[in-house]
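The structure appears right after this line, and notes come after that.
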Amino acid sequence: MARGVSPRRPAKSGTQDRVRRRGSAGSALPKKDGPRLPGKGKAPPPGKAKPPAVRTVFAKPATVKGYDPLAPERIKEILRHLDQLYPAATCALHHRTAWELLVATILSAQSTDANVNRVTPGLFEKHPTVQDFAALTPQQLEPDVRSTGFFRNKSKSVVGAAKKIVSDFGGQVPDEMDKILTLPGVARKTANVVLGTWFGKAEGVVVDTHVQRIARRWELTKAEDPRKIEQDLMEIIPRERWILFSHQVIHHGRHLCLARKPRCVDCPIEPLCHAEDKTWTTVAVHKGARG
Ligand code: SF4
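Counting from 1, one number per residue, gives the positions in the sequence shown under this note's numbering.
Following this line, the structure appears as structure tokens:
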């Protein structure tokens, strides 16, 4: 923000109608009858008073010279804010064992944790152990997980994982990355959730849809592929923070940094965030920094 320029406190609606991007695809341009940016648009009809100039802190082109989004001080500051916002962030999926967490994580793909939490208590009451699941066919499981979506694939993964855990791992969910990745339906995201949350092992960073979006908004990565995003994050986030960082960012994505309409006006990280798709800003935005 330019020195001496203080932004107007916006409405609590989460948008600031006078602070909009100009010309970019999908951006909200000033309405025809709304405030105009200085020097833009038609002159007022003769006899009509000129509307007051609108002061904006946002309409300048983004400047990126000398700016390093990966600077350790910036990362530290982001982590400090996350600690203040979500000091006790943890996995929202209800579980009592590593197996239950594994099942819940598989079911959470393309679903909400709340939805999965509605399904799992009944599911684990009906099939209490991994051996019970291993004795099922995917078709038998389908009705119980139907409401989580993609239920055919999920049933296949859960039953397949149960069979492998019983046959190859003595009925115990493996606690090593290379072994857990051999389970059907388990990719790095699920593996990181189970290893981090249940076993307390920081083998990677959970990259779900929230982490993916926010890491890009914060310019911590330019990648779109989750595996590449995870590698980028593992390079800049201290290893001892990997587990907590994932949970905190997921919380941030649920509560403030929403996909469609992030609540930037309420976000303490706002001064550090140059996301192109912000809804309010006090700093220049950077082209390409978007979720
Ligand atoms: S300022 Fe907005 S886009 Fe940036 S992190 Fe906060 S909520 Fe997300």
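Beta carbons: idealized from backbone N, C-alpha and C, even for Gly.
Sub-8 angstroms separation of residue i and residue j beta-carbons
i	j	result
H127	E219	no
L101	T197	yes
L193	C91	Reading the sequence as shown, one finds Val at residue 193 and not Leu. Closer than 8 angstroms, so yes.
A289	R217	yes
G185	Q131	no
V312	L233	With the chain covering 1 to 291 only, the question about residue 312 has no answer from this structure.
V173	W99	yes
R239	A202	yes
L183	K164	yes
K179	L107	no
D175	F199	yes
Residue-level contact to chain C via CB, residue i, 8 angstroms cutoff
i	result
L220	This model lacks chain C altogether; it includes just one protein chain.
Of the residues the options, the one placed nearest residue i, counting alpha carbons only
i	options	result
Q248	T120, V207, T105 and L101	V207
V159	I75, L141, R188 and Q172	L141
H255	M234, I243, I214 and A223	I214
A88	K278, A275, S246 and I269	S246
A162	P138, F151 and R74	P138
T105	T97, L233 and L93	L93
I237	G66, L79 and D68	L79
H303	Q84, P72, A71 and I75	With the chain covering 1 to 291 only, the question about residue 303 has no answer from this structure.
L258	T209, T282, Q110 and T129	T209
T120	S111, V103, L183 and E77	V103
Q110	D144, F150 and F133	F150
E73	L272, D277, E276 and A284	L272
V145	V166, G122 and T129	G122
S147	N117, A71 and I269	N117
L195	T97, L70, I75 and Y67	T97
V166	E270, T129 and D277	T129
T112	A71, I75, A134 and I250	I250
E224	H274, G291, T282 and A284	G291
A71	E235, A284, A275 and Y86	E235
H95	Y86, P69 and F124	F124
Y86	P268, M177, K278 and D277	P268
D68	R152, T221 and K156	T221
R241	I75, G66 and K65	I75
Residue i CB to nearest heavy atom of ligand 1 below 7 angstroms
i	result
I269	yes
K278	yes
L256	yes
P69	no
A92	no
A275	yes
R80	no
R74	no
R216	no
R263	yes
Problem set entry | Sufficient close CB pairs (3 or more, under 8 angstroms) joining the stretch 228–237 to the stretch 252–270 | no
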